[in-house]
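**Student:** When you read off a place in the sequence shown, starting at 1, and then add 8, the result is the number in the working numbering.
A virtual CB, placed ideally from N, CA and C, is assigned to each residue, including glycine.
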Amino acid sequence: MSTPSSEKTKMHIDPTERAWMRAAIVVLVIFAVSVTIAGFMLGIQVPTEEQRVNPQTIQDAPPWSEPGVREIVPGEKYDVYIVSKRFFYEPSTVEVPVGAEVTFYVTSTDVQHGFKIQDTNVNFMAVPGEVSKLTTTFNEAGTYDYICTEYCGLGHAAMFGSVLVTQ
Ligand SMILES: [Cu+2]
9 MSTPSSEKTK MHIDPTERAW MRAAIVVLVI FAVSVTIAGF MLGIQVPTEE
59 QRVNPQTIQD APPWSEPGVR EIVPGEKYDV YIVSKRFFYE PSTVEVPVGA
109 EVTFYVTSTD VQHGFKIQDT NVNFMAVPGE VSKLTTTFNE AGTYDYICTE
159 YCGLGHAAMF GSVLVTQ
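(1) CA-CA distance, residue 86 and residue 108?
(2) Here's the rule: buried if 16 or more other CB atoms are within 10 angstroms of the residue's CB, otherwise exposed. What is residue 9?
(3) Nearest to residue 92 by CA position, among 117, 57, 130, 163, is which residue?
(4) Answer yes or no: do residue 139 and residue 67 have a C-beta to C-beta separation smaller than 8 Å?
(5) Taking buried to mean at least 16 other C-beta atoms within 10 Å of its own C-beta, is residue 194 buried or exposed?
(6) Taking only runs of the beta strand (DSSP E) that begin and end inside the segment 37 to 119, which ones reach a length of at least 3 residues, in chain order?
(7) Could you tell me the distance, in whole angstroms, from the CA atom of residue 99 to the CA atom of residue 169?
(8) Over the uninterrupted beta strand (DSSP E) stretch that includes residue 154, give me the two end residues.
(9) Output the distance between the C-alpha atoms of residue 84 and residue 144, rounded to the nearest integer angstrom.
(10) If the criterion is Cβ atoms closer than 8 Å, does the pair residue 94 and residue 163 meet it?
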């Protein structure tokens, strides 16, 4: 004989619904594991908003009046300032040594642009009024192109530059 009291307390869940709930939990676990691996093992960084600037007057004073490479510690630490404009980057080529810690500071003087360096984890937006910052290390010498990844107008496809990584 069944006991009516225990049957009342046990919630009935349809087997299909139960299966979907399990699948949802599995997907959440996979997601959490991927984010953890990306963040702590692959070194994926979230671009930080370094500072707010006035896009109209930003190029009147250093460092933005002379964008380019700044040597902080020779061979080890470099800062790179890049201004994005329709439809080019200033400067269009930068040179850094292999193995150095390179921090990119990128902003825009007109519209929203993108900044992605091929074969690295550097990929963010260049927004007028904000400076985006990300640090990377080039472990192999060669040429790494940086390209605009946000559609910014008719010349968008021709908007690129290069990082020359030297021995
Ligand atoms: Cu662009």
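**Tutor:** Here's the rundown:
(1) So the alpha carbons of these two residues sit roughly 7 Å apart.
(2) Any reading at residue 9 must be qualified, since the residue scores a pLDDT of 49, below 50, and its modelled position is unreliable; no value is offered.
(3) It is 117.
(4) Cβ distance not < 8 Å, so residue 139 and residue 67 don't count as in contact.
(5) Only positions 9 to 175 of the chain appear in the structure, and residue 194 is not among them; the question remains open.
(6) Complete beta strand (DSSP E) runs here, min 3: 56 to 60, 76 to 81, 85 to 93, 96 to 98, 101 to 105, 109 to 116.
(7) The alpha-carbon atoms of residue 99 and residue 169 are separated by roughly 8 Å.
(8) Where residue 154 is concerned, the enclosing beta strand (DSSP E) starts and stops at 150 to 155.
(9) Approximately 12 Å, taken between the alpha carbons.
(10) Their beta carbons are under 8 Å apart, which means residue 94 touches residue 163 by this criterion.
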